[in-house]
Each structure stands twice: as C-alpha cells, then as structure tokens.
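The structure appears right after this line, and notes come after that.
Residue numbers (the numbering used here): 11 to 282.
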C-alpha cells in the first residue's frame, strides 16, 4: 500500500488549523514567560530548569535541530582496542541481541557487558562528549552534572549474510540527545550513515568521529551493502529523569531499557 500522500492533518478546516496554531502560540508564550523567571545562565539554573529551557529552545531554535559531527572523539588506536574487546566478547559469548529495544531493535550489546573497556568508554564519552560538546551546545550546566547516559551500547550492521541487520528504519529516540561513534574504518563497509528525514541529509562519519543530534529528530540507519559496520550509540538525558526511571523500574521489578530508554516508533510512508 502506498501511503506517500498520507497527511494526518489534511482534513482540518481552515478554522481548525487557525485554532491549532493559536493554541501552539499560547503554549510557546507561556513557556517563554516561565523561562524569563529563570537565571540567565545554565550554571546558575537547576537541572530541571535547564531541561525546561532545552525543551523550549529546541522548538524555536532550528540550529539545535541540526546534527553536528565531532571529529576524533576516539583515536584510531582507541577504536581498535574497543572493537577488539567487543569481538573477543561476542565471539566467545555469542552475545549480540535484538531484544533490548522493542519498537526499532538493533543488533547490539550494552557497553557494560564488555568489562575490559566499559569504564574507558563511559569516562571518555562523558569527558569528550557530554561535558565538552553536549552540555554547552544544548544549554546544560558546563560541568556536565545535569546529564547522564540513559543507554550506551554497541551496534553491528552486517551485509555478510542475509539474516543480519543492515539498516534501521526511521525513528526517534526516547531521550533528549543522541549520538553515535564509528568504530571501524569506512573502507570496511559500503553504504551506512545516519539519514535525517526532515532535511534528507545523510551524515557519514569517519572512524572515531561522532554525530550528535536532537533525539526527537526523525532519523534512520542507512543500509550497508557490503562488509560490517560497528558503532557505539548513546542516549543522553538529565540525571533526574534517568534516576527516577531507574527507581520506577526497580520498584516495578522491570529489567532492561524498555521504559524511556528505547526508541519511539514514528509511522513512515511505505516505500514506493
């Protein structure tokens, strides 16, 4: 079935469209009024206030919706060390899983499952991305204290056999900011990259580079047609919401990352 002409709001009358626009404007104005009562700098605001500012600003500031590429988050040698540890672990344990994210599953393993590099991955990404890049870009405390990893995992895309995952459909992530870091060389696969649906832009990065973006931006993993592509993916959120969700999971006896740490499904037109 071809849904290429489908528009959820196509049946709205002009008056309904005007009412919807007026309602949106009122909400934006109320948020702006509340924000005006906050301290002027992220360092002086609470975590909750910085979160509120970000949620408002990303709607009205188009630059925050654009992905950014951060070069050399990890060196070539660091990427080789990380990937070697991943392959050693998965070759012995057969541990790649497609069960961790319900709506849009990836073939992945959590970083903490590879203990020999887990601490290095967490600490370097906190220093080199959360504190140095994500906090200042998105208006959080410059020390990085506002932010935490909601989920951090390694993903494998493979064209070596027909049953392996080669791509990921268009989706958004259940967090504030997302990123991925390429772990192996671009000459080891063909295709790949991150497609941002709104602009049609495909971002392809080099080994050790990261692409960082607003998690609500609809994006997809472009199909690889040859070889294997390995990336490290991070979901970033404020520490208060991460802690609250972890406490709720413990209280409910729920394991895994299916609450807010997974992916949110967005319906897309079928390919023509």
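Positions of the beta carbon are idealized from the N, C-alpha and C atoms, including for glycine.
- Task: For residue 87, count neighbouring Cβ atoms within 10 angstroms of its own Cβ and tell me buried if that reaches 16, exposed if not.
- Result: Per the 10 Å Cβ criterion, exposed.
- prompt: Contact between the region 155 to 168 and the region 215 to 222: three or more CB pairs below 8 Å?
  reply: Not touching, per the Cβ criterion.
Fill in: Runs of beta strand (DSSP E) lying entirely within the region 49 to 106, each at least 3 residues, in chain order
As far as the region 49 to 106 is concerned, its whole beta strand (DSSP E) runs of at least 3 residues are 78 to 80.
Open item on the list: Tell me the residue span of the beta strand (DSSP E) that contains residue 31.
Closed with: Here residue 31 belongs to no beta strand (DSSP E); instead the alpha helix (DSSP H) covers 24 to 45.
* Asked: What number of angstroms, rounded off, separates the C-alpha of residue 89 from the C-alpha of residue 95?
  -> When rounded, the separation of the alpha-carbon atoms in residue 89 and residue 95 is 10 Å.
Task: Candidates 235, 239, 226, of which the one nearest residue 195 by Cα - done: When C-alpha distances from residue 195 are compared across 235, 239, 226, the shortest belongs to 239.
| task | Return the chain-ordered ranges of every beta strand (DSSP E) run that is complete within the region 174 to 221 and spans a minimum of 3 residues. | result | You should have 178 to 183, 187 to 192, 199 to 201, 204 to 206, 211 to 213.
For this session: Drop a sphere of 10 angstroms on the beta-carbon of residue 40, count the other beta-carbons inside from all chains shown, and report buried for 16 or more, exposed for fewer.
Result: Residue environment for residue 40: exposed (fewer than 16 other C-beta atoms within 10 angstroms of its C-beta).
Taking only three categories from DSSP, how would you classify residue 120? DSSP places residue 120 in strand when its eight states are reduced to three.
If you count every other CB in all the chains shown that lies within 10 Å of the CB of residue 24, and 16 or more means buried, which is it? Flag for residue 24 reads exposed.
Note to self: For residue 12 and residue 115, I'd like the C-alpha separation in whole angstroms.
What the structure shows: Its pLDDT being 44, under 50, residue 12 is placed unreliably in this model, and the coordinates cannot settle the point.
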